[in-house]
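What follows is a short report on a single structure.
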Amino acid sequence: MSMFDLLAKSRRLLRWAVLPLTFLPLVAQAQWRVEGGPTWSDTAAYDQARAELVSVCADDTWVYDGNRWQRRASPSALRNRTEVALGYDEGRRCVVLFGGRIGTAPQVDTWEWDGSSWTFRNSNSQLASQRSVMAFDAARNRLVRHGMDQNGFWRLWDWDGATWTQLGTSLQNLYAMVYDGGSSRLLAHDNQHLYGWNGTAWTVVAYGVIPTVGYTSSLLAYDRSRNVVVLTRGSATGIDVFEWNGITFVAHPSPTSPLGRTTWTPVYDTVRQRVVVHAGFDSNRPMSHIDTWEWDGVQWHEYISAPPTRTVPTLAFTNVAHAADRNRLVLWQSAAGNDPRAGTWEWDGQRWWHMAPIQQPQAPANGPLTYDSLRQRILLVAGGTAATLTTWAYDGITWTQLPTANAPSDRRGQELAYDAARDQVVLFGGNTTNDTWLFDGVNWHQQTPATSPGINAGHKLVYDEVRQEVVMFTVSGQTWIWNGSTWALRTVAGAPSSRIGFGMAWDPARQRTALTGGANPNYQPTGWVLRPAGLWEWDGNAWAQRATTGLSPVMAITLAHTADSLVLFGGIVNNNSTDQLLRLVDAPLALASEYGAGCPGTHGNPLIAADFLPYVGHTSFGLQLTSLPAQAPALMAFGFASGAAALGNGCTQLVAGGLNVQFTFADAGGVARFPLSIPADPAFLNIHIFAQGAAIDPNGALGGIALSRGIDLLLGN
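Residue numbering for the sequence shown follows the numbering used here, beginning at 422 and increasing consecutively.
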């Protein structure tokens, strides 16, 4: 019987309290949860004990398990930092963070990450350094840091878990440092030569072997599966790869590659045997990146690609729609053909995919999207390419231009919505006109309504599925309703203030029109003045604010809906673009919290972690057990209650109530995985599942067995 069969049975027997279940009170407020990955960062380290890439951003700490990014909380002292140095201490099995900057102020503190939280270790003003890089010296069992001190001297330090010890004056301008397992030494390079560290001094390994910089610096990683040092170099066209053959660096061209950048950190994933590059910044364009790529020894593979950074046109255009037949968000980005962010994108609930349709509109075609639910296709009504607007349909395979004998004149700022009750696309206005047009699937027909709003650009249209009418909100703060033949102005108290660059969408879960974001439409010499953060809802009669958490003031955003929630992405804050995507999640919120104490083995306590937060309907959810001996037999015990049964020698059984057990074996990296597909059944919401891992370990404290801490999984949204 599976875990969830047991859970379903336990709910039927709950009135007799046969299997105790733990409930938490519901939290009324919904929360905007960041999806898809971290904001821009150029620093990362690979946590071997937990098989995760760790990235520290200005907002929080993020971890990547090769499948999905998860957000973890950073202490306030680590927020808003840039230029931090990260390294993995293999001897102490933790990620170490040093320094960085807050604004222009250098930081001199050291922290350690244990997979769930940061612990402060020390702070020493004498350790201040710039351009710090770290690598673990396996020959000396020390984490080594290289950087320029406050007096302008380049130095080496090593970390023993409590203090940094200066090793002496180092070479100048070493851009990268890595441990070469083949030669059992640290390697580093400047812009020409490769050097080796013997524990006392640097010596030249090879002169003039570093590929010509030309565009930016080069960085190193060590591929343990192939025993080769990999050099990644930023170029104008991408990140080039070279591999060290003991004499020189040999180029390895790839058919695709990450876009070129000037700052990034390549790290090696020992479990998945890939060199991973995430994010970075390109000072030559300038451009921030939040993409993730993997080098498998032959070519680059893209894991996640951010939606394109959208600029001023998105103040007027709603260039995203939900394809309900495939449950995907579709985004169209008009840009030059060689711009890697141009074209058609789809969001599948976890990541953006850059699609390759057989045919698609050519730049500068730009305009809003809507979903034709009858014909199950996305419609784009684009301007900028002809005397009249062009109409395109996208079926998930290709774009097709629809021939129309009649069409609205070319313009910018037009908006549209699909009226499902009447099978009509409603188009209104633009930057030069206030006309109304209907598209019947074949041709456009101009309307002559008895009343009509004034000229608008920056307005939004949404179809109200319950009241079967189109809702328009204008930049001036007016609310208009289209009933199929005319427009009617609704004068209501308490409506959102006038604004530009706001997002508006239909919320199928609450059956209301939702609106958020934007700025004062009167541009100021100092820039746009953002409206306060908030979510507004229109119920057909009035506007009201809905209480949510996690929103910040932003403009030029896109608000859309998926099958089960609102999503918000893009936007401009303080003249900076963001590609972050947020999902509005109703209470209860899914949580995964560790508790109790483990029981050590060869590598200390086995470490337990959830692949993701335990969302109801998450079919790829699972738990990981790491820090195990290679190929060790392992198990995961699940229960519906926490436990505290003493097992002897200081070890404790931490789960109880209807136990269910999974068995498997750890892989070569000492990682065991336990899949636990969560059914898409709302009956499981607000239920707790408790788990604890164990492994056969000759050095296990419990008679050859090592135990993890417990983990409390709250099934939620």
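Even glycine gets a Cβ: it sits at the ideal position worked out from N, Cα and C.
In the structure shown, F1059 adopts extended strand secondary structure according to DSSP, grouped into three states. About 17 Å separates the beta carbons of R454 and R931, which is beyond the 8 Å limit, so they are not a contact pair.
L507 counts as buried, since no fewer than 16 other beta carbons sit within 10 angstroms of its beta carbon.
Sequence-distant partners of P676 (beyond 5 residues in either direction) whose C-beta falls short of 7 Å from its own C-beta, in its chain, are Q720. By the CB criterion at 8 Å, A1089 and A1116 fall outside the cutoff. Under a 10 Å Cβ-count criterion, G536 is classified as buried, with 16 or more other Cβ atoms of the shown protein chains found around its own Cβ. For E504, there is no enclosing beta strand (DSSP E), as DSSP marks it with neither H nor E. The DSSP-derived three-state label of Q781 is coil.
The beta-bridge partner set that DSSP reports for V1076 consists of S1063. L1028 is bridged by DSSP to T1047. Per the C-alpha coordinates, the member of D1102, N877 and D844 positioned closest to V863 is D844. Note that the C-beta distance between R762 and G804 is not below 8 Å. In the DSSP annotation of this structure, S604 is not part of any beta strand (DSSP E), being labelled neither H nor E. A Cβ-Cβ distance of about 5 Å is found for the pair A1122 and C1020, placing them in contact under the 8 Å criterion.
Assignment of S897 by DSSP, reduced to helix, strand and coil, places it in the coil class. For R576, the enclosing beta strand (DSSP E) covers residues W575 to W580. Minimum Cα-Cα distance from L548 among the listed residues Q528, L564, R561 and W532 corresponds to Q528. Measuring C-alpha to C-alpha distances from A926 to each of I978, Q551 and A878 identifies I978 as the nearest. Taken through DSSP and simplified to helix, strand or coil, A1104 comes out as helix. Comparing alpha-carbon positions, the option among V1082, N1138, S794 and N1081 lying closest to N1107 turns out to be N1138. Listed as beta-bridge partners of Y792 by DSSP are I799. Cβ contact annotation for M569 (same chain, cutoff 7 Å, sequence separation greater than five): S550, Q551, R552 and W575, in chain order.
DSSP, read as helix, strand or coil, puts A916 in coil.
Separation of W773 and S546 (C-alpha to C-alpha, rounded to the nearest whole angstrom) is 43 Å.
Between the alpha carbons of T872 and V698 lies a distance of about 56 Å. For the 8 Å CB-CB criterion, V847 and L800 do not form a contact. Boundaries of the beta strand (DSSP E) harbouring W768: G764 to W768, taken from the DSSP string.
Judged by their CB atoms, L752 and V802 are not nearer to each other than the 8 Å cut-off.
Contact holds between the region 597 to 616 and the region 553 to 566, because three or more Cβ pairs, one in each stretch, are under 8 Å apart. Excluding sequence positions up to five before and after N855, its CB lies within less than 7 Å of the CB of S873, P874, G875, I876 and N877, all in the same chain and listed in chain order. The three-state reading of DSSP puts Q547 in helix, counting H, G and I together. Closest in C-alpha terms to N572, from the list T590, A583, M555 and A556, comes T590. Where D530 is concerned, the enclosing beta strand (DSSP E) starts and stops at D530 to W534.
About 7 Å separates the Cβ atoms of E886 and A841, confirming a contact at the 8 Å cut-off. A distance of 8 Å or more separates the beta carbons of S1129 and R514. Contact between the region 1021 to 1030 and the region 1044 to 1061 is present, with at least three C-beta pairs closer than 8 Å.
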